[in-house]
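Okay, structure first, notes after.
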Amino acid sequence: MSGHPAPEELLLDYATGALPEGPALAVALHVALDPAARRLVGRLGALGGGLLESVEASALDDAAAERTLARLNDVTIEPRPAPAQPRRGFEWAPPALARRLGPQARWRRAFGGFEEIAVDLPADSHRVSVLRLAPGHGLPVHRHVGTEYTVVLQGGYTDTTGRYVAGDFAVGPGGEHRPIADPGEPCIAVIVLEKPIVLTGPLGRWINPLVRRGWI
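The sequence shown maps to residues 97 to 312 in my numbering.
See below:
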């Protein structure tokens, strides 16, 4: 069980399909890595399905039910795609992320000394990134003005709110913080931002306009 699980209300929104694509991806990765979250999502999905069946049974008359079944007979069922196989060097990526990391995905050096892979979600305004921090290195000190979702895929990091390891989930904004990668293997995490971060270090006033424009 994760030491930092996703909030139950967030898991409920995920199970019912109510989350935007970016937050849904973060929760899907947490669910893939945390058995307790996976069991809870399964129960929530089953509960939602049972409620839907009871509503349908009471609301539909026989004629309406027959029309619905007739339409379903005309629906083509697409085969489920085979699970995406992670590329060499990306074995840490669960299938929900691996299928989004195509041949063009490359680590790039970002401002602050960490590495980043941007994940493009055309239907969502959230900024989604995979970050890699070398042991002992951290992100620039910053705060948030919008919601941030973080899920750790490999290694771990520590900030003012605690220590997070693979499978753990964090929801911001919280206060000012500076996550620092733990000793050992590099820390790899997916970060989903509703709005750009605000750097609070000495150079923040000069760099924040570039951050807001997505240039760094």
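Heads up, the beta-carbon is just placed ideally off N, CA and C, and yes, glycines get one too.
Remember, predicted model here, so these are calculated numbers, not experimental data.
If you measure between the beta carbons of valine 248 and alanine 206, is that distance less than 8 Å?
Looking up residue 248 in the sequence shown gives position 152. Looking up residue 206 in the sequence shown gives position 110. Cβ distance not < 8 Å, so valine 248 and alanine 206 don't count as in contact.
Same chain, Cβ closer than 8 Å to glycine 146, neighbours up to 5 away in sequence not counted:
For the purposes of this step, residue 146 is taken as the residue at position 50 of the sequence shown. Because the pLDDT at glycine 146 is just 49, under 50, the model does not fix this residue reliably, and the point stays unresolved.
Measure from the alpha carbon of leucine 197 to the alpha carbon of each residue in Ile293, Val224, Pro116, Pro119, then state which is nearest.
Within the sequence shown, residue 197 is the residue found at index 101, counting from 1. Answer by Cα proximity: Val224.
In terms of residues, what are the limits of the alpha helix (DSSP H) holding valine 226?
Here residue 226 is taken as the residue at index 130 of the sequence shown, counted from 1. No alpha helix (DSSP H) holds valine 226; the beta strand (DSSP E) holding it covers 223-229.
Are the CB atoms of proline 275 and glutamate 244 within a distance shorter than 8 Å?
Here residue 244 corresponds to residue number 148 of the sequence shown, with the count starting at 1. Here residue 275 corresponds to residue number 179 of the sequence shown, with the count starting at 1. Taking 8 Å as the Cβ cut-off, glutamate 244 and proline 275 do not qualify as a contacting pair.
Should valine 127 be labelled buried (16 or more other beta-carbon atoms within 10 Å of its own) or exposed?
Indexing the sequence shown from 1 puts residue 127 at position 31. By the 10 Å Cβ count, valine 127 comes out buried.
Compute the distance between the beta-carbons of histidine 233 and alanine 277, then report whether it is under 8 Å.
Within the sequence shown, residue 233 is the residue found at index 137, counting from 1. Within the sequence shown, residue 277 is the residue found at index 181, counting from 1. In contact: histidine 233 and alanine 277 (Cβ atoms closer than 8 Å).
Near tyrosine 253, which residues of its chain fall below 8 Å by C-beta distance, leaving aside the five closest residues on each side in sequence?
Walking along the sequence shown from the start, residue 253 turns up at place 157. These residues qualify, in order along the chain: Leu229, Gly234, Arg259, Tyr260, Pro275, Ile276, Ala277, Asp278, Cys283, Ala285.
Rounded C-beta distance between glutamate 281 and glycine 251? I'm assuming under 8 Å.
By one-based count along the sequence shown, residue 281 stands at place 185. By one-based count along the sequence shown, residue 251 stands at place 155. Right, the Cβ-Cβ distance comes to about 5 Å (below 8 Å), so this counts as a contact.
The alpha helix (DSSP H) spanning glycine 118 covers which residue range?
Residue numbering aside, residue 118 sits at position 22 when the sequence shown is read from its first letter. From DSSP, the alpha helix (DSSP H) with glycine 118 extends over 117-129.
I need the straight-line Cα distance from leucine 129 to glycine 242, nearest angstrom please.
Here residue 129 refers to the residue found at position 33 when the sequence shown is read from its first residue. Here residue 242 refers to the residue found at position 146 when the sequence shown is read from its first residue. Cα to Cα, leucine 129 sits roughly 25 Å from glycine 242.
When the distance is taken between beta carbons, is glycine 209 closer than 8 Å to histidine 239?
Your numbering for residue 239 matches position 143 in the sequence shown. Your numbering for residue 209 matches position 113 in the sequence shown. Looking at the sequence provided, one finds arginine at residue 239 rather than histidine. No, the pair does not count as a contact, with Cβ atoms beyond the cut-off.
Distance, Cα to Cα, leucine 193 vs leucine 121?
As a first step, residue 193 must be located in the sequence shown, where it is residue number 97. As a first step, residue 121 must be located in the sequence shown, where it is residue number 25. So the two alpha carbons sit approximately 8 Å from each other.
Once you ignore the five residues that flank alanine 219 on each side, which residues in its own chain have a CB closer than 7 Å to its CB?
The residue you call residue 219 lines up with position 123 of the sequence shown. Here the set comprises Glu117.
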